[in-house]
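Quick note on numbering: the sequence shown equals residues 119 to 736 in the working numbering.
Have a look at the structure below before the remarks.
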Amino acid sequence: MDPIFKITPILSDPTASAALVKDAVEKSRTIQKPCSIQLEKGVYAFDEPLQLDERDSGLTLCGEEGVVFTAAYAPSALLWTPWRDGIWKAEMKDKKPFSRLFANGKAQTLCRYPNKQSGKIPLEGAATPAEIKARAARYGDPENGIVRAIHPACWGGNSYVVTGKDPSSTCGLSLSWFGDNNRGNTYGNAMVAENILEELDAPGEWYFDRKTQTLYWYPDQGQDPNKVHITISRNRTLLQIQGASPAAPASDIALDQITFCETGLCLFPYDKNRAVYHPLLRGDWAIAFEGAVRIENTRSCRVSNCKFCEIGGNALFLYGYNEQTAVSGNTFTNIAATAIQVIGSQKAVRQPSYWEHALYPALCVHETAVDAPNEIGPCAEDYPRELEISENHINGVGRIEKQSAGINLSVAARIHIHRNTIHNSPRSLINVNDGTFGGHDIAYNDLFDSQRETEDHGPFNAWGRDRFWSVPRYNASGLYGKTIRHYKKGGAQYDISKIDACFTTRIHHNRFHHSADAPHSWGIDLDDGSTNYEIDHNLVLGIGIKLREGFDRNVHHNLLVGGQLQIHVPYAECRDRVTHNLVLHDEPFGFVCSKKRLKAAHSEFKNNYFIREPASLR
Numbered sequence: 119m120d121p122i123f124k125i126t127p128i129l130s131d132p133t134a135s136a137a138l139v140k141d142a143v144e145k146s147r148t149i150q151k152p153c154s155i156q157l158e159k160g161v162y163a164f165d166e167p168l169q170l171d172e173r174d175s176g177l178t179l180c181g182e183e184g185v186v187f188t189a190a191y192a193p194s195a196l197l198w199t200p201w202r203d204g205i206w207k208a209e210m211k212d213k214k215p216f217s218r219l220f221a222n223g224k225a226q227t228l229c230r231y232p233n234k235q236s237g238k239i240p241l242e243g244a245a246t247p248a249e250i251k252a253r254a255a256r257y258g259d260p261e262n263g264i265v266r267a268i269h270p271a272c273w274g275g276n277s278y279v280v281t282g283k284d285p286s287s288t289c290g291l292s293l294s295w296f297g298d299n300n301r302g303n304t305y306g307n308a309m310v311a312e313n314i315l316e317e318l319d320a321p322g323e324w325y326f327d328r329k330t331q332t333l334y335w336y337p338d339q340g341q342d343p344n345k346v347h348i349t350i351s352r353n354r355t356l357l358q359i360q361g362a363s364p365a366a367p368a369s370d371i372a373l374d375q376i377t378f379c380e381t382g383l384c385l386f387p388y389d390k391n392r393a394v395y396h397p398l399l400r401g402d403w404a405i406a407f408e409g410a411v412r413i414e415n416t417r418s419c420r421v422s423n424c425k426f427c428e429i430g431g432n433a434l435f436l437y438g439y440n441e442q443t444a445v446s447g448n449t450f451t452n453i454a455a456t457a458i459q460v461i462g463s464q465k466a467v468r469q470p471s472y473w474e475h476a477l478y479p480a481l482c483v484h485e486t487a488v489d490a491p492n493e494i495g496p497c498a499e500d501y502p503r504e505l506e507i508s509e510n511h512i513n514g515v516g517r518i519e520k521q522s523a524g525i526n527l528s529v530a531a532r533i534h535i536h537r538n539t540i541h542n543s544p545r546s547l548i549n550v551n552d553g554t555f556g557g558h559d560i561a562y563n564d565l566f567d568s569q570r571e572t573e574d575h576g577p578f579n580a581w582g583r584d585r586f587w588s589v590p591r592y593n594a595s596g597l598y599g600k601t602i603r604h605y606k607k608g609g610a611q612y613d614i615s616k617i618d619a620c621f622t623t624r625i626h627h628n629r630f631h632h633s634a635d636a637p638h639s640w641g642i643d644l645d646d647g648s649t650n651y652e653i654d655h656n657l658v659l660g661i662g663i664k665l666r667e668g669f670d671r672n673v674h675h676n677l678l679v680g681g682q683l684q685i686h687v688p689y690a691e692c693r694d695r696v697t698h699n700l701v702l703h704d705e706p707f708g709f710v711c712s713k714k715r716l717k718a719a720h721s722e723f724k725n726n727y728f729i730r731e732p733a734s735l736r
C-alpha cells in the first residue's frame, strides 16, 4: 500500500491548515513515491502558492468532499465605524495590497459606475464614454481606478488603469492600457469605471484607499459589519506544478477532489507585481500567463473531480511542455478570465509573427517571407501535446476579462477535448488562437450560449495566422493563394500552407447551439487562414459553418438548422471539400467572393442537401 499522509485542518485557522499541507509536501519528499496526501474536510487558506516540482513526482494530493483551497484570508481585526450614507470604514492594519473582498464568503463588488446589474450585457451594465466624462468632473482623485471597456469592433474587451483626469479625452480620464487585447488599445461605446471612491453608492460595493489604508464598504441594509466575517484576497495562484525543464519534468502528480476558489484579480492596479499581459502570436488575445492552478514542464499529471469557482483570472493554466496531462470531471464557475488555458511557449514556433502592439514595440509584425519553408512544425519541446480534456462542466467565464473562452489553445498539438459541457461566455467557448500545430480532436461536446457580449466570432473560433498568412505581404482577403501553394526559395518550390498547421484538427459529433435572440455568431468559425481541418457529424443549431481564407478544410455530414455554409474570400487552390451536409435554411450558402475566385479555389461542393427552413423554426 502506498504511504499516506493524512491532514486534519485547524478549523479556527485556515492559514495554519495550509501550512500543514506545505509541511506534508516537504515530508513526502523524504520517502519513495508513489504516495498520497489525504486532506480532510475544511478550508486551507494559502497566502503564497503551494509549489510542487519534479521532486514530487508520484504524489497524489486528494481531498474528501468539502476540501477548499482559497486565496482569501481574514485581515487583522477590523473595527468598523459609520462613515456616511450607509457606508462604513475601517483601518487596514495589514499593509499588503489586495484585490477582492468577501463578506461571509460572498464576493463583494468593487465600486463602479454604472452600478452592477447582474445578467445585463455588456459588462453587467455599461455607460458611454460621454456619460463617464460627465461624472469624472466631480472625481477628487481617480488615480488607480480601472476602466473596462468593449473593443470598438466588439472583439473582446480592453482595460485600463486610471492615471488621473483628462478633460480632453472622450471619457474625461487619463488612461494607461493593460494590453489585454491583441488588436489595439482603443475602446468603443460601452465601458465601466471602477475603484473610484465617488462611485461607492450601492450595497455590496467597496473601495480601498491605499494612501490612508482605509477600507470603505457599503453593507446590505441591516447588516452590522462588525458581525460579518470579512476576507480579502490578493494571490492569483493557489498551486503550481513546475518541473525543471522538458527534459526533467514533474510527472505523475495528481490533484483530486479539491475546490480552488477566491483568487485575486489579474486586472487590478494596486500590486506592483501585477499581472502582465502577453500577446499570443497573431490571434486577438493577450493574456496573463497565470492561473489559480498553473502547470508547466510536466508529464502524465492529472487534475480530476476538482471545482474552480470565484477565480479572479484564469482557472487552470497549462504552459510550455505538458505531455499526457488529463483534465477530467472538473467544474468551473464564475471565472474572471478563461477556464482552461493550454499555451505553448513561443520559442517553440518558427518565425513567430504578431500584430503591432503598443506595449511590445520590438515584436516582429507580419513576416512577409519564410526563411526555411522545408522546416515543419515545432522547433523546441516547450509546448503542450497529447492532453485529454474531458467530461468537464464550464459555466460562466469572462466575468471580468472579455477576451476569454471556456478552453483556449495556442502553440499546442493533439489536444483531445471530449464530452465537455461549456456555456455562458462573453466570447467563444472553444478558441484556437493559431494553427501551430494542430492535430486536435474536439468531439462529443455540448456547446451553447456564447457570444453574449461580443461580435464576429463563434462558439468555436479558430485563427490560422501562421507563417504563410502574410506572404508576400499582409492581407486578410485571401490573396496570393498560388504564391503560398508554390512558394519559391533557393531555387526550390514548397507548399507552405501547412508547415505550421502540420496535423489535421478534427471537429466532430458536437452539438453547437445559438438562440435566435442572442447576439450575432458565425457558428463554427474558421477565420483568417485556419487550415487543415476536418469538420463532420456535428449538429449545428441556429448558426452555420464559416470557412474564411485557409487551405484544405473538409466539411461533411453535418446537420445545420437555421444556419448557412459560409464561404468567405477563398484562396486560389485552397481545395476545400464541402460535401454530404444537410442544411435547413432559406439560403443554404452564403458566399463572400466572386464566381471567378470560387472557381480558382479548386474546391469541391457536392452531394449537399437543402430544405427550406419551416417558419416554425425561425
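Note that the Cβ used here is the ideal one computed from N, Cα and C, for glycine as well.
Bear in mind the structure is a predicted one, so any value in this text is a computation, not a measurement.
Inset, instruction - Pick out whichever of Ser543, Ala134, Ser528 and Asp338 has its Cα sitting closest to the Cα of Phe435. - result: Ser528
Inset, instruction - Please list, in chain order, all residues of the same chain as Phe450 whose beta carbon is under 6 Å from its beta carbon, the five residues on each side excluded. - result: Phe426, Ala433, Ala457 and Ile512
Legend entry - Segment contact, 8 Å Cβ cut-off, at least three pairs: the stretch 607-618 with the stretch 476-494: yes
Legend entry - Own chain residues within Cβ distance below 8 Å of Ala134, not counting five before or after: Ile128
Inset, instruction - Classify Thr539 as helix, strand or coil using the three-state DSSP reduction. - result: strand
Legend entry - Inter-residue spacing [alpha-carbon to alpha-carbon] between Trp640 and Asn538: 21 Å
Inset, instruction - Measure the C-alpha to C-alpha separation of Ala221 and His347 and round it to an integer number of angstroms. - result: 6 Å
Legend entry - In DSSP terms, what Ser369 is bridged to: Arg417
Inset, instruction - Starting from Gly275, trace the beta strand (DSSP E) both ways and give me its first and last residue. - result: Gly275 to Lys283
Inset, instruction - Provide the residue span of the beta strand (DSSP E) that contains Val143, from first to last. - result: Segment Pro132 to Ser146 is the alpha helix (DSSP H) holding Val143; no beta strand (DSSP E) there.
Inset, instruction - Using a threshold of 9 Å, state whether the C-beta atoms of Gly681 and Ile661 are closer than that. - result: yes
Legend entry - Selected residue, minimal CA-CA separation from Ala476, among Ser463, Thr554 and Pro397: Pro397
Inset, instruction - Indicate whether Ile453 and Val411 have their beta-carbon atoms separated by less than 9 Å. - result: no
Inset, instruction - Could you have a look at Thr601 and say whether DSSP puts it in helix, strand or coil? - result: helix
Inset, instruction - Rounded to whole angstroms, what's the CA-CA distance from Pro544 to Gly274? Just pull it up for me. - result: 8 Å
Inset, instruction - Taking Ile494 as part of the alpha helix (DSSP H), name the residues at either end of that continuous run. - result: Here Ile494 belongs to no alpha helix (DSSP H), and DSSP marks it neither H nor E.
Legend entry - Between the CA atoms of Gly322 and Asp552 - distance to the nearest angstrom: 41 Å
Inset, instruction - Jot down the residue ranges of each uninterrupted beta strand (DSSP E) in the stretch 428-502, minimum 3 residues, whole runs only, in chain order. - result: 434-441, 444-446, 449-453 and 458-461
Legend entry - DSSP state of Leu657 mapped onto helix, strand, coil: strand
Legend entry - Neighbour-count burial assignment, Ile264, 16 or more Cβ in a 10 Å radius: buried
Inset, instruction - Please state whether DSSP places Glu509 in a helix, a strand or coil. - result: coil
Inset, instruction - Just list the beta strand (DSSP E) runs in the stretch 594-647, keeping only unbroken ones of 3 residues or longer that don't cross its boundaries, in chain order. - result: 605-607, 610-612, 623-626, 629-631 and 641-644
Inset, instruction - Figure out for me which residue from Lys520, Leu318 and Ala719 has the closest Cα to the Cα of Pro68. - result: Residue numbering for the chain in the displayed model covers 119 to 736; residue 68 lies beyond these limits and cannot be assessed.
Legend entry - Minimum C-alpha distance to Lys213 - residue among Gln331, Pro285 and Val185: Gln331
Legend entry - Residues bridged to Lys213 (per DSSP): The partner list for Lys213 (beta bridge, DSSP) is empty, contrary to what the question assumes.
Legend entry - Sequence-distant residues of the same chain with beta carbon closer than 6 Å to Gly737, five excluded per side: Nothing can be reported for residue 737, as the shown portion of the chain is limited to 119 through 736.
Inset, instruction - Measure the C-alpha to C-alpha separation of Asp564 and Gly516 and round it to an integer number of angstroms. - result: 19 Å
Inset, instruction - Measuring alpha carbon to alpha carbon, tell me which of Tyr727, Ala137 and Ala311 ends up nearest Ala267. - result: Ala311
Inset, instruction - Whole angstroms is fine: what's the gap from Asp618's alpha carbon to Glu182's? - result: 44 Å
Legend entry - Same chain only: Cβ atoms within 7 Å of Pro364, ignoring 5 sequence neighbours per side: Asn415, Tyr439, Glu499 and Asp500
Inset, instruction - For Gly495, count neighbouring Cβ atoms within 10 angstroms of its own Cβ and tell me buried if that reaches 16, exposed if not. - result: buried
Legend entry - Ala480 versus Arg585: straight-line alpha-carbon distance, rounded: 18 Å
Legend entry - Three-pair Cβ contact test at 8 Å for the stretch 630-648 versus the stretch 574-593: yes
Legend entry - Proximity winner among Cys419, Thr288 and Arg695, relative to Ile663 (alpha-carbon distances): Arg695
Legend entry - Contacting residues, own chain, Cβ-Cβ under 8 Å from Leu399 (five flanking each side not counted): Gln464, Val467, Pro470, Ser471, Tyr472, Ser528, Val529, Asn551, Asp552, Thr554 and Arg583
Legend entry - Spatially closest choice to Cys419 from Tyr395, Val445 and Pro732, by CA coordinates: Val445
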